[in-house]
Every structure is written in C-alpha cells, then in structure tokens.
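4 protein chains.
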Amino acid sequence: MEEKELDIERLWRGWLRSPFHSFLHMDLEAFDREAGTATFNIPFKEAYARTAGEEGIHGGVLASIIDIAADFALAVAMNRMGFPTIDLRIDYLRMASNGDMTAKARTIKKGRTIGVAEVEVYDAKGRLCAVGRGAYATAAG
Amino acid sequence: MEEKELDIERLWRGWLRSPFHSFLHMDLEAFDREAGTATFNIPFKEAYARTAGEEGIHGGVLASIIDIAADFALAVAMNRMGFPTIDLRIDYLRMASNGDMTAKARTIKKGRTIGVAEVEVYDAKGRLCAVGRGAYATAAG
Amino acid sequence: MEEKELDIERLWRGWLRSPFHSFLHMDLEAFDREAGTATFNIPFKEAYARTAGEEGIHGGVLASIIDIAADFALAVAMNRMGFPTIDLRIDYLRMASNGDMTAKARTIKKGRTIGVAEVEVYDAKGRLCAVGRGAYATAAG
Amino acid sequence: MEEKELDIERLWRGWLRSPFHSFLHMDLEAFDREAGTATFNIPFKEAYARTAGEEGIHGGVLASIIDIAADFALAVAMNRMGFPTIDLRIDYLRMASNGDMTAKARTIKKGRTIGVAEVEVYDAKGRLCAVGRGAYATAAG
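Residue numbers (the working numbering), protein chains in the order written: chain A, 73 to 213; chain B, 73 to 213; chain C, 73 to 213; chain D, 73 to 213.
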C-alpha cells in the first residue's frame, strides 16, 4: 500500500495552532522531503529577551526553537504528524542578538522506533548562535 | 576579603524582570546556599500547552524551566548573579499534565570556570516528567 | 503469562564475555530489581590512564563505564538481556584519580520503547568524578 | 607577541603515548588549522566488539573516539596542547560493523574559556554510525 503524501504546509499550519506557538511563532520557509530538512524564520518579540533593555535572546527560547524545528524536520522526512521528544541537547555558541532568527533543521536518522534530527539557529546578523540535537520516538507518532 | 552574601529573594525578583519571565513565570519557593539547591512553583498557563484542548505541556517550556532553575541553583550555590549557559540536556520521561509544576534544582559542580546543575520537573500530579542538566560558564558571571 | 526472572548474576557473567569487557572489566557488586539499580566495582588498570606517569583516568573509560552500567541497570529493572544505546551524555565533574572506581546506576524510566538510566562514577578516594545519562531502545532488546 | 605554531603531527604522537591510546589506537590522517578539523583512521581490533563472534563495535569505543577526536580538533584549531572535557554527548545512529573506522572532527566554537567540537564516526562500510559533540575547558589547557 502506498502511503499518501502529507501536505507539509498544511501540517505546519496545524502545528501553529499549538497554544505554545501563539507565544513562539515560527514561519516555515522551506522544506525537503528527501533530505528531511526544514527551515524556519522566527520573527523577534521583546518577550524573547533574557534581560530587559539588553541584547540577548533567552536560552529557553533557543531550546524551544530547536525542539520544534527538529521534530518537524523528522515529520517531513517520515511523512508523519510529529513525534514525542525523547531527549534534547543544546550547545549555546554565542549570544543571539535581538532580531529575527533562522532555524535550519536536518534529519540524521529516521528509524522505526527512533528518529534523530539536528538544528542550527542563526541570529539576525547571520551568526550561528546555538546548535542542538533531539531524539524522537517515531514508533509513537 | 569576605564576600557579602547576596539577598537571594531579591536576586530572584531581579530575574523575574526578564522579559521571558513575563511569559514563563516561576515562583521561588525555597533555596539552600550550602546545598546549592532551589525549588520553584510554576503556575499553569494555557500558553504552555502543546496542543489546543489537550493535556500536555510543551517540551520547550520544560526545557526553559530546567535552564532557568539550574542557572539559579548555581547562582545560589556560588553567591553570584547568574551565568551564561554552555549547554543543556533534557530527558523527557512522561507527558506533563496541565497544571502547576514544581522544579527542584541542585548544584553538582561549582568550579571556577564551569558549574553544573541538575533539575527535576514534576507535574501537578506529582509525577517526575523531565530531568535535565546544564553546564554554565562560571568565569563569565 | 508470567515472565520468568532472569538470573541477574548469570546475565552479568554473559556480559563479561564481551570482548570489550576483556579490556574494561567491571565487577557487579549489587543490584535491586525493584529499584532498577546496579552497583559495580572497576579495578584499576594502567591502560585507563590519560597520560603516562600521571594521575587521571581517561574520559573515554568513564563514558564506557557509564554506558555499560546504565544499560545493565535497565536490564535489571526490566528483566531483559540488554538494550541498544540511543544516546549517551556525560558530565565530567573532576579528574578521577588512579585506582579502583565505583559506578552506581539507577533506572529513571522503563518504557515500552524507551528506557533511561543514570550513573554516578566515584574514584578510589570516594569523590564523584562523572555523572551521565543514557537513553536505550527497550523495544529492541 | 606572535604565538609559535605547534607541530600538529608531533603533538598527535605525544597523545599516542597516552596509556589509553595503547588500547584505542587512532591514526591522524589529516588536519586543517584554519577550519579546526582533524580526520582519523581507527584500525579494527577484536577487543572493540560488543559481543564475541558478532558484528558490532561497543558504544564505549565510539564514545571514546568522539571524545579524543573532538579534543584534538580543538587543539588544532587553537594551537594548544589539549583541553579537559566538560561534557560529551553521543547519538548512536546504527551499529558500527567490525572493521576500520573513520572519525571526522570539526571545531564549532573556540572561545577563551569554552570550546565545542563535533565528530562523525563512519564504519568500514562508509556508513555514519555515531555523531557526538563535546564541550572543553579551553581556559585550562
């Protein structure tokens, strides 16, 4: 039986109905089913700042972006609705300055029970600020 | 020269002025300077939910709580204002049901350049839902 | 159908036939099926040292001990033969001095597809030198 | 004052005198100071196997390779002797079959106090089997 291809843009619009996304809005810019990749633009909000009146986006915002982007890249790669996160690891490489961010997610394993994806987050100046990897329970999706 | 003890509750009130905390509010419930621990209550908000109309707090919210609680436990342990996160790792053990959460953070290393702390997050039913560890740059704080 | 209890000490003797264990020998000291714990003694060998003629056990040895001990704690908890590692994370807290080590492993999740365990490694002076967590594919064991 | 360039091949020969390297021998195949990269060949030994008489290299061996390769890539990038590992994270993507392995390490941050590098490990069939990242204390090297 051939599996029907999900409409990825529609799938993302469904994800955007998540209450948490009403806070952390991400625009899907591009995706590739074969490569298992997805790219997002994340418009800046004052609420993402670590400290009032200073440059620097909070690490929790970066971690959240990485979790969401990794999960969605796997959904794209595996033609599925999304998966529970098993674990998540983030390296903070430099302060992300205030402004729109870009997240580039890439599938590195798409197994029957485990999927793994990695994400790079760039700030408005185009600097790589954080990288992360997540493992996802693909049997449960 | 003896270092003056920071007023920890006042320090936390300063952290609460972070714009990100206007979204993710955490109440400091207890702390212990000797043990390097801090406990928080996190009142539930609809915006934390993963999916509209369903149980389940978003993994990004749990990751953020862990980052903040770990960092603050180190600040308590080291009598300092807080530290940049080097990296963060979270294990998601089970879905956190909608409701107030508790985070218990504990310092496990307080070095001159590197600090490490770990956090347990419990949901409103008292179930351990996520655990995490973070490394922090204590030379930079 | 009731599942038969594995003979845990015999199971460990089987693990010791692993070629890698001919290098990295660990003695099972204690275990608890209910708690999902296992404790090991690791007799010192010169080959574990990081630098010839100096104190300090190599981080790769500590990582290996953590992987093995975590996996076995899950096997004890779940009455199974052992599981493939999904991912492993280690925090190095201080140099482990040359001498016998102790590893204490504890199950923190025993799910149908995913298990998680954590390990503390103490050096011969009784100091906590490394902690780690691993996720394991329990569906595959 | 200009810093003198280390002789990288000589530096690696020094690392090979580590007792742990008498067990886990790695040949430095290539390096690039500008890019902060290093590539290694790891000749197979029976002692690396997970299970006697079966395919599959032990996860502890892969973790050790990743720690060593990441540390050395940072040494190359920063023209230094090597650094203590702060923490290490490994994703196991598939079983590494018995045979020579290749490790490709790449610096992703070279800060004054913290360095981060990542490593890919390929088995003899050229398949990506494990990826990992480590944080290193560059102030201490």
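We put the CB at the ideal spot given by N, CA and C, even for glycine.
Could you check whether residue j and residue i sit closer than 8 angstroms to each other, using their CB atoms as the reference points?
{"i": "D/Leu146", "j": "D/Gly187", "result": "yes"}
{"i": "B/Lys181", "j": "B/Val191", "result": "no"}
{"i": "B/Thr179", "j": "B/Ala168", "result": "no"}
{"i": "B/Met98", "j": "B/Phe112", "result": "yes"}
{"i": "D/Met173", "j": "D/Ala207", "result": "no"}
{"i": "B/Arg166", "j": "B/Cys201", "result": "yes"}
{"i": "D/Asp159", "j": "C/Tyr194", "result": "no"}
{"i": "A/Ala211", "j": "C/Thr185", "result": "yes"}
{"i": "C/Phe95", "j": "D/Phe144", "result": "no"}
{"i": "B/Ala209", "j": "B/Val148", "result": "no"}
Applying the 10 Å Cβ sphere with the 16-neighbour rule, what's the burial state of residue i?
{"i": "B/Gly171", "result": "exposed"}
{"i": "A/Ala102", "result": "exposed"}
{"i": "D/Gly132", "result": "buried"}
{"i": "D/Met150", "result": "buried"}
{"i": "B/Met153", "result": "exposed"}
{"i": "B/Ala107", "result": "exposed"}
{"i": "D/Arg205", "result": "buried"}
Quick one: what's residue i bridged to in DSSP?
{"i": "C/Gly187", "result": "C/Lys182 and C/Tyr208"}
{"i": "D/Asp220", "result": "Limits of chain D in this structure are 73 at one end and 213 at the other, which puts residue 220 of chain D out of reach."}
{"i": "B/Arg161", "result": "A/Arg161 and B/Arg205"}
{"i": "D/Thr109", "result": "D/Asp104 and D/Arg178"}
{"i": "A/Leu200", "result": "A/Tyr194"}
{"i": "C/Met173", "result": "C/Ile114"}
{"i": "D/Asp99", "result": "D/Asn113"}
{"i": "C/Ala121", "result": "C/Ile129"}
Consider the C-beta atom of residue i and the heavy atoms of the ligand SAH; say whether any pair is separated by less than 7 angstroms.
{"i": "A/Ala168", "result": "Inclusion of the ligand SAH in the displayed structure is not the case, the ligand content being empty and no account of it being possible."}
For a contact defined as C-beta to C-beta under 8 angstroms, what are the partners of residue i on chain E?
{"i": "B/Ile138", "result": "Of the protein chains in the structure, A, B, C and D, none is chain E."}
Query - Three-pair Cβ contact test at 8 angstroms for the region 87-94 of chain B versus the region 121-130 of chain A - result: yes
* Contact between the region 129-138 of chain D and the region 73-85 of chain D: three or more CB pairs below 8 angstroms? -> no
- Name the residues in the region 142-174 of chain C whose C-beta lies less than 8 angstroms from a C-beta of chain A; which are they? Ile158, Asp159 and Arg161
To be precise: take each residue of the region 193-205 of chain D, compare its Cβ to all Cβ atoms of chain A, and keep it if any distance is under 7 angstroms. Which residues remain? Val203 and Arg205
**Request:** Please list the residues of the region 96-120 of chain D that have a C-beta atom closer than 8 angstroms to any C-beta atom in chain B, keeping them in chain order.
**Result:** none
### Message
To be precise: take each residue of the region 120-134 of chain D, compare its Cβ to all Cβ atoms of chain C, and keep it if any distance is under 8 angstroms. Which residues remain?
### Response
Tyr120, Ala121, Arg122, Thr123, Ala124, His130, Gly131, Gly132 and Val133
Select from the region 174-193 of chain C all residues with a C-beta closer than 7 angstroms to any C-beta belonging to chain A, and list them in chain order. Cβ contacts with chain A come from Thr185 and Ile186.
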